[in-house]
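Engineer: Numbering (the working numbering), first residue to last: 197 to 408.
#1: Once you ignore the five residues that flank residue 223 on each side, which residues in its own chain have a CB closer than 7 angstroms to its CB?
#2: Given a cut-off of 9 angstroms on the beta-carbon distance, is the pair residue 374 and residue 304 in contact?
#3: Run through DSSP, which three-state label would residue 339 get?
#4: Determine the burial state of residue 268: buried for a count of at least 16 other Cβ atoms within 10 Å of its Cβ, exposed for fewer.
#5: Closer than 6 angstroms by C-beta to residue 336: which residues in its own chain qualify, once you throw out the five before and the five after it? Chain order, please.
#6: Please tell me whether residue 363 and residue 400 are closer than 9 angstroms, where the distance is taken between their beta carbons.
#7: For residue 236, which beta-bridge partners are listed by DSSP?
#8: Please name the residue in 404, 235, 247, 387 whose C-alpha comes closest to that of residue 298.
#9: Got a sec? Which residues, its chain only, sit under 6 angstroms from residue 252 by beta carbon, not counting five neighbours each side?
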């Protein structure tokens, strides 16, 4: 009898341990990215900054360009998944009716520096409207230097089929520091409304509005 109770107790302990592990996993999987994991660099060079007037800190990953280019397709996809955030609302947004710029600084050994050249921004803009015949649009441009920041102004890249739009934007920033090439990656959302808008109340437009 004692042996049987001992076995039952061990099974109960095992199940309780599995339950705790599962709950801990769920807790960390469905919460926003922690502050100390929002700026990751494999080198002593990295990019940091803010998105419009959004208080949320962007998730930025930085690498030497040669290192990033050697990653497999699967490894790159994992990075883009991480910069896209863990839960809804994890990444900052550009509100096109307000401050539509991102503001970036570049660092080496935790000190602000100026890159050797004007940073290049590559944009992958995904359509907001699910039934849109459009696909991802790609753009390349240069940052603008303003005082201590490098800035870039966003716009609506796709035709607008609904009253409210939310374009998902993946960003690659290319720059050189001491003649070494680097790349930093982040994601933002691009909205024509404020953060409190209920997209379930969205309305289809009678005529689409051309891209800006």
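From the three backbone atoms N, C-alpha and C, an ideal C-beta is built for every residue, glycine too. Quantities reported herein were computed from a predicted structural model and do not represent experimental measurements.
Structural biologist: On the basis of the supplied data:
#1: Interpretation of residue 223 is limited by its pLDDT of 46, a score under 50 that renders its predicted location unreliable; the figure taken from the coordinates is listed afterwards. Cβ neighbours of residue 223 beyond the five flanking positions: none.
#2: yes
#3: coil
#4: exposed
#5: 318
#6: no
#7: 257
#8: 247
#9: 288
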